[in-house]
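Numbering (the working numbering), first residue to last: 637 to 977.
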């Protein structure tokens with residue numbers, strides 16, 4: 637059941653993927669990526685926030701955050717590395733190597749030079765690493781509990797040989813599709829990128845210790861999980877803390893405590909934030925009136941909804957709809973900037 641909530645959030649934040657680079661590197665080599673906010677307009681202008689990922693197909697390399705806040709991490713065949721908050725980072729044949737980002741690498745594809753682009757850092761010597769790299773776009777706001785729950789650097793150490801084999805199958809399919817250049821390949825690669833991301837999140841969640849605290853771990857916690865399932869199943873309902881506690885089979889005080897531990901907010905605050913995320917999607921992607929959107933997310937009047945929406949987003953519903961009507965670069969992308977730290 638917990639996967640249903642994850643699916644609900646993934647749909648609401650409009651995850652979309654793309655494979656951008658097929659890298660064949662020869663040692664010594666080093667490559668750097670800027671913060672995703674610097675290249676979003678080039679890579680996925682329709683997205684509010686960019687997540688970068690790397691799939692280690694063969695060989696090995698080292699990856700590190702550019703700010704040096706974490707030690708270099710070695711990637712081996714089958715490794716998957718994701719930067720959920722879009723942090724600037726470097727990858728290289730040796731730990732602690734440095735490079736300057738080349739923004740020209742992120743130019744849009746053309747019919748003559750479609751994505752994925754083939755890169756050969758390090759020259760024409762023996763190849764020491766092959767990496768498939770890409771991006772996932774998503775909504776950053778008004779409320780994306782998934783982004784807030786993920787670390788700056790998410791590493792799945794062995795996606796090929798791990799039990800279950802799904803990640804290995806997806807990686808192999810991605811490699812084949814990037815090599816064959818078949819009709820519709822871009823669409824297939826996009827879906828494969830999304831599937832790799834989802835499976836990586838599932839692996840990450842399953843490996844978190846029971847004492848860890850986050851939205852993702854909360855999905856597995858009995859009381860918090862039951863409460864979240866109830867809220868996501870019927871966000872329009874006029875929930876009270878008592879109603880939700882009964883659904884969660886807990887006292888009101890226990891529910892409030894567990895919710896605060898895992899999500900950092902009370903249950904009713906989570907409900908209000910999730911309603912605003914649903915409403916933002918409806919305002920952007922539908923022709924519903926403000927009154928219809930208000931009713932759709934559980935508000936009895938357009939006025940009360942307008943106040944709640946402005947409190948949650950800093951904008952009136954009509955302002956949000958107007959600002960987001962063109963592309964993903966509207967004001968909500970600032971939420972992504974805050975997430976990206």
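Glycine is no exception: its CB is placed at the ideal position from the N, C-alpha and C atoms.
As the structure is a computational prediction, the values presented were derived from the model and not from experiment.
Quiz item: Do the stretch 726-736 and the stretch 700-718 meet, that is, are 3 or more Cβ pairs less than 8 Å apart?
Solution: yes
Quiz prompt | At least three beta-carbon pairs within less than 8 Å, the stretch 820-835 to the stretch 639-656 | solution = yes
Exercise. Could you please give me the residues that DSSP links to residue 945 through a beta bridge?
Key: BP columns for residue 945 are empty, so no partner.
Quiz item: Rounded to a whole number of angstroms, what is the C-alpha to C-alpha distance between residue 957 and residue 920?
Solution: 6 Å
Quiz prompt | Per DSSP, the bridge partner or partners of residue 655 | solution = 770
Quiz prompt | Neighbour-count burial assignment, residue 935, 16 or more Cβ in a 10 Å radius | solution = buried
Quiz item: Counting only beta-carbon atoms, is residue 928 nearer than 8 Å to chain B?
Solution: This model lacks chain B altogether, as it is built from one protein chain only.
Practice problem: Would you mind listing the alpha helix (DSSP H) stretches within the stretch 760-848 that are 4+ residues and don't spill past its ends, in chain order? | Solution: 781-785, 802-816 and 821-842
Exercise. Could you check what DSSP says for residue 712 in three-state terms: helix, strand or coil?
Key: coil
Quiz item: Looking only at its own chain, which residues have a Cβ that is under 8 Å from the Cβ of residue 892, when we skip the five neighbours before and after it?
Solution: 877, 902 and 903
Quiz item: Pick from 766, 881, 712 and 871: whose alpha carbon is nearest that of residue 929?
Solution: 871
Quiz item: Distance, Cα to Cα, residue 881 vs residue 847?
Solution: 22 Å
Quiz item: Is the stretch 779-788 touching the stretch 672-679 in the sense that three or more CB pairs, one from each, lie closer than 8 Å?
Solution: no
Practice problem: List the endpoints of the continuous beta strand (DSSP E) containing residue 739. | Solution: Counting along the chain, residue 739 falls outside any beta strand (DSSP E), and DSSP gives it neither H nor E.
Quiz prompt | Residue range of the unbroken beta strand (DSSP E) whose run includes residue 698 | solution = 697-701
Self-check item: Span separating the alpha-carbon of residue 743 from that of residue 682
Solution: 15 Å
Quiz item: Among 758, 719, 865 and 912, which one has its Cα closest to the Cα of residue 735?
Solution: 758
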